[in-house]
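A short write-up of the structure that comes next.
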Amino acid sequence: MRIGIPREIKNNEYRVAITPAGVAELTRRGHEVIIQAGAGEGSAITDNDF
Numbered sequence: 011m012r013i014g015i016p017r018e019i020k021n022n023e024y025r026v027a028i029t030p031a032g033v034a035e036l037t038r039r040g041h042e043v044i045i046q047a048g049a050g051e052g053s054a055i056t057d058n059d060f
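Remember, the working numbering sits 10 above the position in the sequence shown when you count from 1.
Shown next, in the form of structure tokens:
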């Protein structure tokens, strides 16, 4: 399954839909995770962390 994680566009919304650990678990289970650039910026998670 392909799972997409978009960057949040709402004002004052700093959460991200998934953590790097969650991405690792999903990919370990055979899923493809696509993360939009900058999706974790509000939560201090860089693109490289994913």
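For each residue, glycine too, the CB sits at the ideal point set by N, CA and C.
Local Cβ density within 10 Å of residue i, reported as buried at 16 or more and exposed below that
i: residue 18; result: buried
i: residue 50; result: buried
Alpha carbon of residue i to alpha carbon of residue j, nearest angstrom
i: residue 55; j: residue 15; result: 13 Å
i: residue 45; j: residue 27; result: 10 Å
i: residue 21; j: residue 38; result: 33 Å
i: residue 36; j: residue 43; result: 7 Å
i: residue 59; j: residue 40; result: 19 Å
C-beta atoms of residue i and residue j nearer than 8 Å
i: residue 48; j: residue 23; result: no
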